[in-house]
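**Student:**
Chains as they are written, first to last, in the numbering used here: chain A, 8 to 449; chain B, 2 to 333.
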């Protein structure tokens, strides 16, 4: 079975909610829709306090090239445009809307029937994806229309679809592939058309055998699309690792996948592209896994963007007594929240509630130079060395040892038997080196 | 509600810890210990206990009263140093010398550099080399194996098989005439020969090595490169002149080679981090061992070979970087 070659770990999978079908989360009383839900420049509000908005109506416009439109996920009145604390803990601008019963924007096709034919030209597809505010739903939230435009002089051979879901606990992509497989495949066909490629490969880790079988049956109707089972190994969902696993090409340091002739999209993004292009539906809801070993009902909810996490926690049976950490995302790369109040955004694939006893890090002891961190690093770096260099502010050496290649997957910190905060040091080092590089390029 | 914990990702961690690794090593040493207790009896048990207790004692004293820092004496690393030091000295060694060896191992080779993980040289080997130079007579009297002996004084000693062969060749004898003077290979493999406490049974040590491999405490690179290069170099010499050089199998199962290749050279702290570095280091150890055994002044070269290669580890780490992702663009 295929996988990437360098490094990788296999943490306990803990896919508690994998057999729980997607449920629609009841409408929350109010939503807080952040303006910066994507990588790049935050969107600019086009509504004002007191305005009444419909579900699916655009409320903020992405004006820069790398930005994305934001739409209202509910019907209601704009209460205020204010700063709220988001998943990063920083206060950022958001539109807060008090919810009323749904009244959808007229142009949106809400019928459940599958629309397979797409007559739009590639340019029209990109425009539509841009208009509907689609961003990468795997977590990086890069605006999708930018990825669908091939830079001049480059050519794509493959569209790779990321159905890996290598983060432990998370199951939203898994359920999506099982329950919305056909829509996803149409979405993939549309993206292939936009990119002018004839081959698409869906990479799925082998712990989701039902999804592999299901999609293998469906793809017979979709020429050019194949399903590839992958050996279970974290961080296979990393773009570079997925490309290596599926087509054995290595994206050079600091370059984008198009450099080796491919574009990678997430399964959730593909469903969103389908809905945007075929149904005129903007990205206003997504599947979010809410899970944790002490949680009463680990579930997968179809959640409106802007819903507060606390609402979801209540719907999953309430916050367990022994809660120590609430994680926005998966356990390997997710962010720990200081208050259970941040809103769900376009890139939220899961909320993980960890019990108090598992939240404590091991007491750090001396490095015993076992070399495991270097062994598991999927980028072939030496985390023990980078951590020391960063700690000693030796930024030039950090750069020379390719600290900027680190994608913060956390494998080094996971594996370290001495419990050393390797990634913490590396993050600080990356920040400093990044600053140096930017000032040099100016 | 209680306050939430906030920290950088990741939020899950492996169950593995330093002390689990260390006690895993200790556990894997049990077969070798049982064999030595069988062949060298009470004396071996006493030497091992003395070394372990004094290593832990010295580490405790130094950490608590000299450095006044945290005491980590129960993390298992001092236990390993104690057991390994005991395993590479003769069972007949006076116990006070064992105590001095432990002080050198822990005090000089480990704590002076900053404790666990900071030392350049393998502590147990430093202790042994110190004893070898300071007490050459006692360190060169190896008790003959006698099952379950409880004798502690007047132990019958004799040269090790390696010493017999080395001496013989130096006297101009042919290998064919020397072979009858050493135990048969089956006995050598089991450990029925004169030698240091725990080095005698290649079989028991291999068993421990397999356990460590299975527990992922060690990897295959260093032992394979070490033993492989010994076989290649010794084998080449043997093929050139079988009258002067003994066969490679003899080299493999006598002396401290097996213990050195599986337990000493693989010491995480003092060996390289990456695969290719490990292989180069293992080959270096193997070549130096054979060169010292055949051309050097001592019949056994494992301790010196590994200590010399220890000194090269920082350079090896620098020279052999792991394969970086995206370094060479492969389009397959």
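We put the CB at the ideal spot given by N, CA and C, even for glycine.
Verify the CB distance criterion: does residue 7 of chain B have a CB-CB separation below 7 Å to chain A?
**Tutor:** yes
**Student:** Could you pull the DSSP bridge partners for residue 357 of chain A from this structure?
**Tutor:** A:296
**Student:** Which value, in whole angstroms, describes the spacing of the CA atoms of residue 320 of chain B and residue 260 of chain A?
**Tutor:** 21 Å
**Student:** Within its chain, find whatever has a CB closer than 8 Å to the CB of residue 109 of chain B; leave out the 5 residues flanking it on each side and keep chain order.
**Tutor:** Within the same chain, Cβ atoms closer than 8 Å to the Cβ of residue 109 of chain B are found at 127, 131, the five residues on either side in sequence being excluded.
**Student:** With DSSP run on the structure shown, which of helix, strand or coil describes residue 211 of chain A?
**Tutor:** Reduced to three states, the DSSP call for residue 211 of chain A is strand.
**Student:** Is the region 102-122 of chain B touching the region 154-167 of chain B in the sense that three or more CB pairs, one from each, lie closer than 8 Å?
**Tutor:** Using a Cβ-Cβ distance cut-off of 8 Å, the region 154-167 of chain B and the region 102-122 of chain B are not in contact, since fewer than three pairs of beta carbons, one from each stretch, lie closer than that value.
**Student:** For the region 35-43 of chain A against the region 276-285 of chain A, do three or more pairs of beta-carbon atoms, one drawn from each stretch, fall closer than 8 Å, so that the two count as touching?
**Tutor:** Contact fails: fewer than three Cβ-Cβ distances are below 8 Å.
**Student:** With a CB to CB cut of under 7 Å and the five nearest residues on each side skipped, what residues in its chain are close to residue 251 of chain A?
**Tutor:** 11, 12, 257
**Student:** Just checking my contact of residue 287 of chain B with residue 203 of chain B at CB under 8 Å: how many whole Å lie between their CB atoms?
**Tutor:** Their Cβ separation, rounded to whole angstroms, is 15 Å, which puts residue 287 of chain B and residue 203 of chain B out of contact at 8 Å.
**Student:** Report the residue from A:350, A:329, A:424, A:22 whose alpha carbon sits nearest the alpha carbon of residue 5 of chain B.
**Tutor:** A:329
**Student:** By alpha-carbon positions, which one of A:21, A:222, A:83, A:407 ends up nearest to residue 235 of chain A?
**Tutor:** A:222
**Student:** Threshold first: 4 residues or longer. Then list the alpha helix (DSSP H) segments lying entirely within the region 140-227 of chain A, N to C.
**Tutor:** 151-154, 179-186, 188-202, 216-225
**Student:** Please report the straight-line C-alpha distance between residue 121 of chain A and residue 282 of chain A, rounded to a whole angstrom.
**Tutor:** 10 Å
**Student:** Taking the beta strand (DSSP E) that residue 101 of chain A belongs to, which residues open and close that run?
**Tutor:** If you look at residue 101 of chain A, you'll find it in the beta strand (DSSP E) that goes 98-107.
**Student:** Can you tell me whether DSSP reads residue 409 of chain A as helix, strand or coil?
**Tutor:** In the structure shown, residue 409 of chain A sits in coil (DSSP, three-state: anything other than H, G, I, E or B).
**Student:** On a Cα-Cα basis, can you pick out the residue from A:248, A:341, A:190, A:397 that is closest to residue 10 of chain B?
**Tutor:** Of the candidates A:248, A:341, A:190, A:397, A:341 places its Cα closest to the Cα of residue 10 of chain B.
**Student:** Which ranges does the beta strand (DSSP E) cover as unbroken runs of at least 3 residues, wholly within the region 158-183 of chain B, from first to last along the chain?
**Tutor:** Complete beta strand (DSSP E) runs here, min 3: none at all.
**Student:** Tell me whether the region 98-112 of chain A and the region 71-85 of chain A touch, counting them as touching only if at least three CB pairs, one residue from each stretch, are closer than 8 Å.
**Tutor:** yes
**Student:** Got a sec, what are the start and stop residues for the alpha helix (DSSP H) residue 294 of chain B sits in?
**Tutor:** Segment 276-296, the alpha helix (DSSP H) holding residue 294 of chain B.
**Student:** Would residue 400 of chain A be called buried (16 or more neighbouring beta carbons within 10 Å of its own) or exposed?
**Tutor:** exposed
**Student:** On the DSSP letters alone, give me the boundaries of the beta strand (DSSP E) that residue 308 of chain A sits inside.
**Tutor:** 306-311 is the span of the beta strand (DSSP E), which, as asked, contains residue 308 of chain A.
**Student:** For residue 438 of chain A, count neighbouring C-beta atoms within 10 Å of its own C-beta (all shown protein chains included) and say buried if the count is 16 or more, exposed if not.
**Tutor:** exposed
**Student:** Is DSSP giving residue 252 of chain B helix, strand or coil here?
**Tutor:** helix
**Student:** Can you find a C-beta in chain A that's less than 7 Å from the C-beta of residue 18 of chain B?
**Tutor:** So yes, residue 18 of chain B belongs to the interface.
**Student:** Run the CB neighbour count on residue 338 of chain A, radius 10 Å, all protein chains shown included, and call it buried at 16 or more, exposed below.
**Tutor:** Its Cβ being crowded by 16 or more others within 10 Å, residue 338 of chain A is buried.
**Student:** Let me confirm a value: residue 93 of chain A is counted as buried when at least 16 other C-beta atoms fall within 10 Å, else exposed. Which label applies?
**Tutor:** buried
**Student:** Which residues in chain A have a C-beta closer than 8 Å to the C-beta of residue 391 of chain B? List them in chain order.
**Tutor:** The structure shown does not extend to residue 391 of chain B, since chain B spans only 2 to 333, so no value can be given for it.
**Student:** Which residues in chain A sit within 9 Å of residue 74 of chain B, going by Cβ to Cβ distance?
**Tutor:** Result: empty, since nearest Cβ-Cβ is about 13 Å, beyond 9 Å.
**Student:** Between residue 386 of chain A and chain B, is there a C-beta pair that is closer than 7 Å?
**Tutor:** yes
**Student:** Helix, strand or coil, according to DSSP, for residue 126 of chain A in the structure here?
**Tutor:** Coil.
**Student:** Residues of chain B with CB closer than 7 Å to the CB of residue 393 of chain A, please, in chain order.
**Tutor:** Result: empty, since nearest Cβ-Cβ is about 12 Å, beyond 7 Å.
**Student:** Contact between the region 42-55 of chain B and the region 90-106 of chain B: three or more CB pairs below 8 Å?
**Tutor:** Output reads yes: the region 90-106 of chain B touches the region 42-55 of chain B.
**Student:** With a Cβ-Cβ cutoff of 7 Å, do residue 169 of chain A and residue 273 of chain A count as a contact?
**Tutor:** yes
**Student:** To the nearest angstrom, report how far apart residue 56 of chain A and residue 66 of chain A are at their CA atoms.
**Tutor:** Residue 56 of chain A and residue 66 of chain A: Cα-Cα distance of roughly 11 Å.
**Student:** Report, in whole angstroms, the separation of the C-beta atoms of residue 1 of chain A and residue 86 of chain A, which I expect to be a contact under 8 Å.
**Tutor:** Shown here, chain A extends from 8 to 449; a query on residue 1 of chain A therefore has no answer.
**Student:** Which residue comes first and which comes last in the beta strand (DSSP E) that contains residue 269 of chain A?
**Tutor:** 269-273
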